[in-house]
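Below is one structure, written out as structure tokens; the observations come after it.
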Amino acid sequence: MSTRYDTIGLNYADLRKPDPRIGKIIAEALGPAKTVLNVGAGAGSYEPVDRQVTAIEPSDEMIKQRPVSAASVIQGYAEDLPFADNMFDASMAVLTVHHWNDQKKGLNEMRRVTRGRIVILTYDPSFRDFWLLDYIPELAALDDGKMPPMGEYERWLGPVEIAPVPIPHDCTDGFLSAYWRRPAAYLDPKVRAAMSSFWAVGDVSDGLGRLEADLASGIWAQQQSHLIGQDSRDCGYRLVTTL
Numbered sequence: 001m002s003t004r005y006d007t008i009g010l011n012y013a014d015l016r017k018p019d020p021r022i023g024k025i026i027a028e029a030l031g032p033a034k035t036v037l038n039v040g041a042g043a044g045s046y047e048p049v050d051r052q053v054t055a056i057e058p059s060d061e062m063i064k065q066r067p068v069s070a071a072s073v074i075q076g077y078a079e080d081l082p083f084a085d086n087m088f089d090a091s092m093a094v095l096t097v098h099h100w101n102d103q104k105k106g107l108n109e110m111r112r113v114t115r116g117r118i119v120i121l122t123y124d125p126s127f128r129d130f131w132l133l134d135y136i137p138e139l140a141a142l143d144d145g146k147m148p149p150m151g152e153y154e155r156w157l158g159p160v161e162i163a164p165v166p167i168p169h170d171c172t173d174g175f176l177s178a179y180w181r182r183p184a185a186y187l188d189p190k191v192r193a194a195m196s197s198f199w200a201v202g203d204v205s206d207g208l209g210r211l212e213a214d215l216a217s218g219i220w221a222q223q224q225s226h227l228i229g230q231d232s233r234d235c236g237y238r239l240v241t242t243l
């Protein structure tokens with residue numbers, strides 16, 4: 001994983017507050033596990049409070065933002081986990097695999113140290129049903145280059161279940177698609193600063209300018225009227241759970 005998050009992480013915890021509805025899905029997927037490893041743990045989002053959690057995270061800045069009550073954390077990388085074989089009942093990785101330098105090796109390491117389930121929240125790079133891509137198509141190309149195709153998880157981990165994770169319209173975790181029903185949020189540089197995609201994609205001022213104009217004219221509201229009233233939506237996020 002790149003330590004790009006030493007920069008991204010400066011105000012990360014303020015805008016990336018774990019959403020309890022997503023947290024419930026992750027907690028249920030972990031099953032009865034008592035000991036859990038959180039890989040690429042960041043500021044501690046979605047770490048279950050009722051289990052014994054060990055976290056590993058490469059970024060100094062992200063580690064600094066972990067609350068005092070968070071699980072103990074070790075600075076390190078997914079590709080070289082400093083743990084014995086079969087040490088944990090379960091392991092988890094939340095919106096992090098695309099940052100790893102060697103995804104296959106990192107997932108193999110998770111398999112090595114885990115007795116039971118591996119739970120991964122990720123994004124399907126083939127997903128295209130998101131209006132923001134009309135304004136910033138570079139985001140799709142970025143996903144194609146960084147996000148593992150969903151079929152790779154079974155090849156790397158063995159049998160898996162893959163399920164959509166609906167994103168609430170008022171999601172508190174400010175990842176890329178969290179504001180699918182709140183388009184003006186993408187015009188806020190502080191909001192974008194908490195999204196790694198905007199750090200990686202380069203200059204998006206033209207696309208943001210078109211979005212701002214369409215919001216002002218009412219074109220966006222007219223084109224996306226089907227979103228109004230939807231409480232949650234499939235935005236391409238997937239929960240991968242080993243069987």
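1 is the number of the first residue of the sequence shown in full-length UniProt numbering; add one for each residue after it.
Ideal Cβ positions, reconstructed from N, Cα and C, are used throughout, including at glycine.
Note that the coordinates shown come from a computational prediction; the quantities given were computed from them, not determined experimentally.
| query | result |
| --- | --- |
| Taking the runs of the beta strand (DSSP E) that are 3 residues or longer, which of them lie wholly in the stretch 85 to 164? | 90 to 94, 118 to 123, 160 to 164 |
| Can you tell me whether Ile26 is helix, strand or coil according to DSSP? | helix |
| For Tyr5, count neighbouring Cβ atoms within 10 angstroms of its own Cβ and tell me buried if that reaches 16, exposed if not. | Any reading at Tyr5 must be qualified, since the residue scores a pLDDT of 48, below 50, and its modelled position is unreliable; no value is offered. |
| Alpha carbon to alpha carbon, what distance is there between Glu57 and Arg66? | 11 Å |
| Less than 8 Å between the beta carbons of Asp19 and Asp173, yes or no? | yes |
| By the three-class DSSP mapping on this structure, what secondary structure does Arg192 have? | helix |
| Quick one: what does DSSP say Ser232 is sitting in, helix, strand or coil? | strand |
| Would you give the residue range spanned by the beta strand (DSSP E) that Ala55 belongs to? | 52 to 57 |
| Would you decide whether Arg115 is buried or exposed? Buried here means 16 or more other CB atoms lie within 10 Å of its CB. | exposed |
| When the Cα of Ser91 is compared with those of Trp180, Ile120, Pro183, Pro149, which residue comes out closest? | Ile120 |
| Given this structure, state the Cα-to-Cα distance separating Gln230 from Gln224, to the nearest angstrom. | 11 Å |
| Check whether the Cβ atoms of Val68 and Ala55 lie closer than 8 Å to each other. | no |
| Over the uninterrupted beta strand (DSSP E) stretch that includes Arg238, give me the two end residues. | 237 to 242 |
| Three or more C-beta pairs under 8 Å: does that hold for the stretch 145 to 152 against the stretch 201 to 217? | no |
| Return the CA-CA distance between Asn38 and Ile228, expressed in angstroms with no decimal places. | 36 Å |
| Using three-state DSSP, classify Asp173 as helix, strand or coil. | strand |
| With respect to the alpha helix (DSSP H) encompassing Leu208, which residues constitute its N-terminal and C-terminal limits? | 205 to 217 |
| So, using beta-carbon positions, are Val113 and Met87 closer together than 8 Å? | yes |
| Would you mind working out which of Arg51, Arg182, Gly40 sits nearest Ala27, comparing C-alpha positions? | Arg51 |
| Specify the secondary structure class of Leu81 as computed by DSSP and reduced to three states. | coil |
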